[in-house]
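Residue numbers (our numbering): 2 to 192. Below is one structure, written out as structure tokens; the observations come after it.
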Amino acid sequence: MKLLEDRILSDGEVIDGRILKVSNFLNHQIDVAFLDKLAEEWKRRFEGSKITKVLTIESSGIAIGASLARALGVPLLFAKKHKTSNVNEGVYSSKVYSFTHEEFYNVVVSKKYISAGDSVLIVDDFLANGNALRGLIEICREAGAEIAGAAIAIEKGFQNGGDELRKEGYKVESLAIIQKMDLNGIQFRAE
Numbered sequence: 002m003k004l005l006e007d008r009i010l011s012d013g014e015v016i017d018g019r020i021l022k023v024s025n026f027l028n029h030q031i032d033v034a035f036l037d038k039l040a041e042e043w044k045r046r047f048e049g050s051k052i053t054k055v056l057t058i059e060s061s062g063i064a065i066g067a068s069l070a071r072a073l074g075v076p077l078l079f080a081k082k083h084k085t086s087n088v089n090e091g092v093y094s095s096k097v098y099s100f101t102h103e104e105f106y107n108v109v110v111s112k113k114y115i116s117a118g119d120s121v122l123i124v125d126d127f128l129a130n131g132n133a134l135r136g137l138i139e140i141c142r143e144a145g146a147e148i149a150g151a152a153i154a155i156e157k158g159f160q161n162g163g164d165e166l167r168k169e170g171y172k173v174e175s176l177a178i179i180q181k182m183d184l185n186g187i188q189f190r191a192e
């Protein structure tokens with residue numbers, strides 16, 4: 002999606018050749034109107050899918066997920082990174098490695114909010130190796146829910162997570178796929 006690619010080039014910052022910082026519009030300070038435009042594009046790409054829920058992991062995926070859920074007219078559900086006093090029993094869980102934070106999280110979703118009757122669209126801000134997506138897929142499988150696909154803002158194509166998931170049969174719709182990224186700049190995958 003050229004709109005997102007242009008925004009990455011104008012406002013993104015490559016750190017150490019491996020981290021793309023988009024904090025000023027996507028995942029710290031959030032340009033809500035911009036997210037709504039991304040959501041409309043995903044809505045178009047998943048047209049005809051019978052989606053009942055949007056699922057993400059806290060915290061960076063929540064704003065994107067809220068825009069997408071609103072566009073689709075379905076609830077947003079997010080996996081918590083730690084059990085809390087209000088979500089401490091009756092949960093589906095999965096261990097997820099965070100590329101950004103370089104640590105493992107045990108993410109949980111209450112069994113009250115996801116079930117075999119659901120068709121779930123997973124959403125996140127970034128896709129690198131696919132660890133977060135795989136964790137959410139595992140939770141959906143535990144619940145018996147159908148996986149409609151994954152809506153990703155920015156995919157690091159050079160890390161192959163998205164390509165591996167596509168080979169496994171998952172519909173992964175990334176709005177910007179970075180083929181190469183270093184201190185000299187960013188190259189996007191041709192669509």
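The C-beta atom is built at its ideal place from N, Cα and C for all residues, glycine as well. This structure is a prediction, so every number in the text was calculated from the model and none was measured.
> By a C-beta neighbour count over all protein chains shown, 10 Å radius and 16 as the cutoff for buried, is Ala40 buried or exposed?
Replying inline: Buried, because 16 or more other Cβ atoms sit within 10 Å of the Cβ of Ala40.
> Under a three-way DSSP split, which group does Val75 fall into?
Replying inline: Val75: coil per DSSP, three-state reduction.
>> Quick test of your reading: Ala177 and Ile9, contact by CB under 8 Å. State the CB separation rounded to the nearest angstrom.
In response: Between Ala177 and Ile9, the beta carbon gap of about 6 Å places them in contact (Cβ cut-off 8 Å).
> Going by the CB atoms, is the gap between Ile31 and Lys22 shorter than 7 Å?
Replying inline: At a Cβ-Cβ threshold of 7 Å, Lys22 and Ile31 do not count as neighbours.
> Under three-state DSSP, which class holds Gln188?
Replying inline: If DSSP states are grouped into helix, strand and coil, Gln188 belongs with the strands.
> Counting only runs that start and end within the segment 104-190, where is the beta strand (DSSP E) found for 3 or more residues in a row?
Replying inline: List check, beta strand (DSSP E) in window: 104-111, 120-128, 147-157, 173-183 and 186-189.
> How many angstroms separate the CA atom of Gly18 from the CA atom of Asp7?
Replying inline: Rounded to whole angstroms, Gly18 to Asp7 spans 19 Å at the Cα level.
>> Measuring straight from C-alpha to C-alpha, what distance separates Phe35 and Lys113?
In response: Looking at the two C-alpha atoms, the distance is approximately 32 Å.
> If you follow the alpha helix (DSSP H) that Phe11 is part of, which residue opens it and which one closes it?
Replying inline: Checking the displayed sequence, the identity of residue 11 turns out to be Ser instead of Phe. Per DSSP, Ser11 is one residue of the alpha helix (DSSP H) stretching across Lys3 to Asp12.
> For the candidate residues Glu174, Leu184 and Gly136, whose alpha-carbon lies nearest to that of Lys82?
Replying inline: It is Gly136.
>> With three or more beta-carbon pairs closer than 8 Å as the criterion, would you say the segment 155-168 touches the segment 125-141?
In response: Contact holds: three or more Cβ-Cβ distances are below 8 Å.
> Does the segment 174-189 come within contact of the segment 67-74, defined as at least 3 CB pairs closer than 8 Å?
Replying inline: Short answer: they don't touch.
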